[in-house]
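First up is the structure itself, then whatever we jot down about it.
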Amino acid sequence: MHGNADHTADVQQRFRQPYSMTRATARILLWLAPFVCTATLLILLWHYASTKLNPIFFPSPVKVLNSAQELVQGGVLFQHVWVSLRRILAGFLIGTAIGIPIGLLMGTYPFARRFFTPYVGFLRFVPPIAMIIYAIVWFGSGEGSKIFLVAFSTVFIVILNVEAGVRTIAPNRIRAALCLGAQPVQLFVYVLLPSAIPFVLTGMRIAMGAAFAVIVAAELLSSEEGIGFLLENSRLFLKTDRIFVAIVALGIMGFFTDRCFRLLIHWFGGEYVRRS
Amino acid sequence: MTSRDYRMSGALIKPVIEARESVLVVLPYALGVSIALVVWYFVSLRFHITTFPSPRDTFAEALRLFGSGEILGEAWISVTRILVGFTLASAIAVPIGLAMGVSEFVRRMFEPITEFFRFIPAISMIVFALIWFGVGEASKVFLVVFNTIFIVIINTEAGASAVGRNAVRAAQMMGAAPWQVFRYVVVPSAVPYVVTGMRIAMGRSFTTIVAAEMLGASSGLGFMIFSAREFMRMDTVLVGIVLLGLLGLAIDVAFRLAVRHFGQAYLGNTVT
Numbered sequence: 001m002h003g004n005a006d007h008t009a010d011v012q013q014r015f016r017q018p019y020s021m022t023r024a025t026a027r028i029l030l031w032l033a034p035f036v037c038t039a040t041l042l043i044l045l046w047h048y049a050s051t052k053l054n055p056i057f058f059p060s061p062v063k064v065l066n067s068a069q070e071l072v073q074g075g076v077l078f079q080h081v082w083v084s085l086r087r088i089l090a091g092f093l094i095g096t097a098i099g100i101p102i103g104l105l106m107g108t109y110p111f112a113r114r115f116f117t118p119y120v121g122f123l124r125f126v127p128p129i130a131m132i133i134y135a136i137v138w139f140g141s142g143e144g145s146k147i148f149l150v151a152f153s154t155v156f157i158v159i160l161n162v163e164a165g166v167r168t169i170a171p172n173r174i175r176a177a178l179c180l181g182a183q184p185v186q187l188f189v190y191v192l193l194p195s196a197i198p199f200v201l202t203g204m205r206i207a208m209g210a211a212f213a214v215i216v217a218a219e220l221l222s223s224e225e226g227i228g229f230l231l232e233n234s235r236l237f238l239k240t241d242r243i244f245v246a247i248v249a250l251g252i253m254g255f256f257t258d259r260c261f262r263l264l265i266h267w268f269g270g271e272y273v274r275r276s
Numbered sequence: 277m278t279s280r281d282y283r284m285s286g287a288l289i290k291p292v293i294e295a296r297e298s299v300l301v302v303l304p305y306a307l308g309v310s311i312a313l314v315v316w317y318f319v320s321l322r323f324h325i326t327t328f329p330s331p332r333d334t335f336a337e338a339l340r341l342f343g344s345g346e347i348l349g350e351a352w353i354s355v356t357r358i359l360v361g362f363t364l365a366s367a368i369a370v371p372i373g374l375a376m377g378v379s380e381f382v383r384r385m386f387e388p389i390t391e392f393f394r395f396i397p398a399i400s401m402i403v404f405a406l407i408w409f410g411v412g413e414a415s416k417v418f419l420v421v422f423n424t425i426f427i428v429i430i431n432t433e434a435g436a437s438a439v440g441r442n443a444v445r446a447a448q449m450m451g452a453a454p455w456q457v458f459r460y461v462v463v464p465s466a467v468p469y470v471v472t473g474m475r476i477a478m479g480r481s482f483t484t485i486v487a488a489e490m491l492g493a494s495s496g497l498g499f500m501i502f503s504a505r506e507f508m509r510m511d512t513v514l515v516g517i518v519l520l521g522l523l524g525l526a527i528d529v530a531f532r533l534a535v536r537h538f539g540q541a542y543l544g545n546t547v548t
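Read top to bottom, the protein sequences are chains H and V. Here the first sequence is numbered in the numbering used here, starting from 1 and rising by one per residue. Here the second sequence is numbered in the numbering used here, starting from 277 and rising by one per residue.
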């Protein structure tokens, strides 16, 4: 495989055309063409649909853009985005801080696995939204209940992934470390932990997606601020253009947190991720 | 002890050892469950029933709800909504995902759409679902479809584009036409990814449907839970939550069994 790839690269190198600005531009344009086509088509379709339908049900792109400008300029949008992000981050950190040690324990000791399996196996199928009533009764309608819900949605995903990570370590790695005289602590720090890290990070990324869904629902149902509140409030006043803005803002938030997370994985965990 | 006695006791000892081993396996499970119950009981002593019902109250309420058959009706409504939306979305998503995985052009055409929409929680579409499709079944099914479709597309695409290059080359060497490569190489190797995507989507469908039923519905488990809250019937809420968990578990297990039964040839030893 490797030799083959080298050879291909070599051949390509030999027959490569002399570099030219126009060719490069043309290639980039060709690469971008499908993206641009779909995006334009989508917006045109949207515009067309909005002229045919009742604008209250389906606002036009121009109207949405206007109301986006309005919301951004007033600073309202960022206020809500910031509140939601803060809640997600707090719950996410708590959830991972609880999930990682339990997952490691479950992966390492059969006793711990059997002890925690009834909880994890059952609770992970409970939709976090169903817990919202208890969250409010226990933690009040303030920040506490939102953070609890995010932590609840995060913790089981992280536990399962960490456990899977520890359990899929090749036995030969452990044997090799033991042969070289590793103590249990060393085995844990130098073998188990590094091998589990890619799984931990994947679990955290998936959990982040779940956290977004939960926080929106929680804010829709009971909140005074946050992006979910913006959705609900706009609905009450039938400001559908604002709903569009809120949904797009959510998409962008999700996209950027995911990219940031990938970058962080690359910086801090790249060494471990590449090795596996 | 004579050797004869020893042999006799050997026959007896074996089941004893086996029993001891199985006790060691079962004990942690039992310990886990019973600690949960005990903690639940003692915590419930400190709170009023409207805050934290005791295990006994919850059990009595469960008996009442199951006895009248009321809860099963609601659960059936929720499950039907999920299954309809889920099937519809998978039927649309798998072909699109396969096309995206095979053709670079199609992939780039659809990618802006999938990459954008997959970060939008289905629940945030609820307002539009209600405005566009009304408060009936259609809006719930729409939300489940929205929730499922992008996850399945992305997973199918990943599966179709992660086909081993050597597998494709081998098929071509043996004279496979492009459609044969697709049918016999690409599709089978995408199956595990499709299944994984569907399982993730199924889990999330539960969250979506519960939220949707809480916000705008007059039937279903989510509605039952939310309306119980209005009367501070926290025991009913708890029964609903537990049933949701069990339903999710049951559907996941059923799905895994179905996949193992029908798709074992494709799965090999990869997942489930």
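Using N, Cα and C, we set each Cβ at its ideal position, and we do this for glycine too. Small disclaimer: the values here were computed from a predicted structure and weren't measured.
For P110(H) and K290(V), the rounded distance between their alpha carbons: Taking the second sequence and counting its residues from 1, the one referred to as residue 290(V) is at position 14. Taking the first sequence and counting its residues from 1, the one referred to as residue 110(H) is at position 110. Each residue's alpha carbon lies about 23 angstroms from the other.
Distance, V462(V) Cα to R445(V) Cα: Mapped onto the second sequence, residue 445(V) falls at position 169. Mapped onto the second sequence, residue 462(V) falls at position 186. In this structure, the straight-line span from the alpha carbon of R445(V) to that of V462(V) is close to 12 angstroms.
In chain order, each alpha helix (DSSP H) run of at least 4 residues that lies wholly inside the stretch 44-83 of chain H: List check, alpha helix (DSSP H) in window: 61-74.
Endpoints, the alpha helix (DSSP H) within which K146(H) is located: Reading the first sequence from its first residue, position 146 is the one you call residue 146(H). DSSP places K146(H) inside the alpha helix (DSSP H), whose first and last residues are 143-167.
Proximity test, Cβ basis, 8 angstroms: P371(V) and chain H: Residue numbering aside, residue 371(V) sits at position 95 when the second sequence is read from its first letter. Proximity of P371(V) to chain H, defined by a Cβ-Cβ separation below 8 angstroms, is not satisfied.
Same chain, Cβ closer than 7 angstroms to T432(V), five either side skipped, listed in chain order: Counting from 1 along the second sequence, the entry for residue 432(V) is found at position 156. Excluding positions up to five away in sequence, the list reads A369, V370, G373, L374, G377, A466, Y469, V470, G473.
Neighbour flag for W408(V) against chain H, beta carbons, 8 angstroms: Position 132 of the second sequence holds residue 408(V). Chain H, which has a Cβ nearer than 8 angstroms to the Cβ of W408(V), makes this yes.
Chain V contact for N260(H) (CB, 8 angstroms cutoff): For this step, residue 260(H) is matched to residue 260 along the first sequence. Correcting the residue identity first, residue 260(H) is Cys in this sequence and not Asn. Chain V has no Cβ within less than 8 angstroms of the Cβ of C260(H).
Short Cβ contact (8 angstroms threshold) for A211(H) with V158(H): Along the first sequence, one-based indexing puts residue 211(H) at 211. Along the first sequence, one-based indexing puts residue 158(H) at 158. No, they are not a contact pair.
Chain H contact for V319(V) (CB, 8 angstroms cutoff): Indexing the second sequence from 1 puts residue 319(V) at position 43. Closer than 8 angstroms to the CB of V319(V) there is not a single CB belonging to chain H.
Expected contact under 8 angstroms - CB spacing of G91(H) and E163(H) to nearest Å: What you label residue 91(H) is simply residue 91 of the first sequence in a count that begins at 1. What you label residue 163(H) is simply residue 163 of the first sequence in a count that begins at 1. Actually they are not in contact, since the Cβ atoms of G91(H) and E163(H) sit about 21 angstroms apart, beyond 8 angstroms.
Chain-ordered neighbours of R384(V) on chain H, where CB pairs are closer than 7 angstroms: Locating residue 384(V) in the second sequence gives position 108, counting from the first residue. The answer, in chain order, is P34, F35.
C-beta contact flag for V420(V) and S481(V) at 8 angstroms: Taking the second sequence and counting its residues from 1, one reaches residue 420(V) at position 144. Taking the second sequence and counting its residues from 1, one reaches residue 481(V) at position 205. In this structure, the beta-carbon distance from V420(V) to S481(V) falls below 8 angstroms.
Pairwise C-alpha distance: A312(V) and G410(V): As a first step, residue 410(V) must be located in the second sequence, where it is residue number 134. As a first step, residue 312(V) must be located in the second sequence, where it is residue number 36. Approximately 42 angstroms between the Cα atoms of the pair.
Range of the contiguous alpha helix (DSSP H) that encloses Q456(V): One-based indexing of the second sequence puts residue 456(V) at position 180. Per DSSP, the continuous alpha helix (DSSP H) segment holding Q456(V) begins and ends at 454-457.
Per-residue burial, M449(V) [other beta carbons within 10 Å of its own, 16 or more giving buried]: On the second sequence, residue 449(V) is found 173 positions in, with the first residue counted as 1. The Cβ neighbour count for M449(V), taken over all protein chains shown within 10 Å, is under 16; the residue is labelled exposed.
Helix, strand or coil at A90(H) according to DSSP, with G and I counted as helix: The residue you call residue 90(H) lines up with position 90 of the first sequence. A90(H) falls in the helix class under three-state DSSP.
The stretch 517-527 of chain V touching the stretch 347-356 of chain V, judged by at least three CB pairs closer than 8 angstroms: Short answer: they touch.
Alpha helix (DSSP H) segments (min. 4 residues) lying fully within the stretch 345-378 of chain V: Counting only runs of 4+ residues, the alpha helix (DSSP H) found wholly inside the stretch 345-378 of chain V occupies 346-378, in chain order.
Backbone secondary structure at D258(H) - three-state DSSP: Position 258 of the first sequence, counting from 1, holds the residue named residue 258(H). Three-state DSSP puts D258(H) in a helix.
Segment contact flag, the stretch 394-414 of chain V with the stretch 252-270 of chain H, C-beta cutoff 8 angstroms, min 3 pairs: Short answer: they touch.
Supposed contact pair A487(V) and I399(V) - C-beta distance, whole angstroms, cut 8 angstroms: Here residue 399(V) refers to the residue found at position 123 of the second sequence. Here residue 487(V) refers to the residue found at position 211 of the second sequence. At roughly 5 angstroms, the Cβ-Cβ gap stays under 8 angstroms, so I399(V) and A487(V) are in contact.
Cross-chain neighbours of T38(H) in chain V, by beta carbon under 9 angstroms: Residue numbering aside, residue 38(H) sits at position 38 when the first sequence is read from its first letter. In chain order: R384, M385, F386, E387, P388, I389.
Within chain V, the residues that P127(H) reaches when beta carbons sit closer than 7 angstroms: Locating residue 127(H) in the first sequence gives position 127, counting from the first residue. The contact set of P127(H) on chain V, defined by CB atoms closer than 7 angstroms, consists of F482, T483, V486, L520 in chain order.
Where F318(V) falls: helix, strand or coil (DSSP): For the purposes of this step, residue 318(V) is identified with residue 42 of the second sequence, where counting begins at 1. The answer is helix: DSSP assigns F318(V) an H, G or I state.
T484(V) and L341(V) closer than 8 angstroms at C-beta: For the purposes of this step, residue 484(V) is taken as the residue at position 208 of the second sequence. For the purposes of this step, residue 341(V) is taken as the residue at position 65 of the second sequence. Taking C-beta atoms as the reference points, T484(V) and L341(V) fail to come closer than 8 angstroms.
The alpha helix (DSSP H) enclosing T484(V), as first and last residue numbers: As a working mapping, residue 484(V) is identified with position 208 in the second sequence. Counting along the chain, T484(V) sits inside the alpha helix (DSSP H) bounded by residues 463-491.
Short Cβ contact (8 angstroms threshold) for I169(H) with L201(H): Start at 1 with the first residue of the first sequence, and residue 169(H) comes out as number 169. Start at 1 with the first residue of the first sequence, and residue 201(H) comes out as number 201. No, the pair does not count as a contact, with Cβ atoms beyond the cut-off.
Proximal chain V residues relative to A217(H), where beta-carbon distance stays under 7 angstroms: As a working mapping, residue 217(H) is identified with position 217 in the first sequence. Going along chain V in sequence order, the residues near A217(H) (Cβ under 7 angstroms) are I399, A487.
Stretch-stretch touch, CB-based, cutoff 8 angstroms, three pairs: the stretch 69-83 of chain H with the stretch 206-226 of chain H: In short, these stretches touch, since the Cβ pair count reaches three.
Three-way DSSP call (helix, strand, coil) for L533(V) in this model: Reading the second sequence from its first residue, position 257 is the one you call residue 533(V). If DSSP states are grouped into helix, strand and coil, L533(V) belongs with the helices.
Whether V417(V) touches S366(V) by CB criterion (8 angstroms): Position 141 of the second sequence, counted from the start, is the residue given in the question as residue 417(V). Position 90 of the second sequence, counted from the start, is the residue given in the question as residue 366(V). Cβ atoms of V417(V) and S366(V): not closer than 8 angstroms.
Beta carbon proximity, M137(H) to chain V, threshold 8 angstroms: Position 137 of the first sequence holds residue 137(H). The sequence shown places Val at residue 137(H), rather than the Met named in the question. Closer than 8 angstroms: yes.
Assigned secondary structure, V518(V) (DSSP; H/G/I helix, E/B strand, else coil): Here residue 518(V) is taken as the residue at index 242 of the second sequence, counted from 1. In the structure shown, V518(V) sits in a helix (DSSP, three-state: H, G or I).
Closest by C-alpha distance to L160(H), when choosing among T108(H), I174(H), A135(H), F188(H): As a first step, residue 160(H) is located in the first sequence; it is residue number 160 there, counting from the start. Checking every option, the nearest Cα to that of L160(H) belongs to T108(H).
Burial state of P304(V), where buried means 16 or more other Cβ atoms lie within 10 Å: Along the second sequence, one-based indexing puts residue 304(V) at 28. So P304(V) ends up on the buried side.
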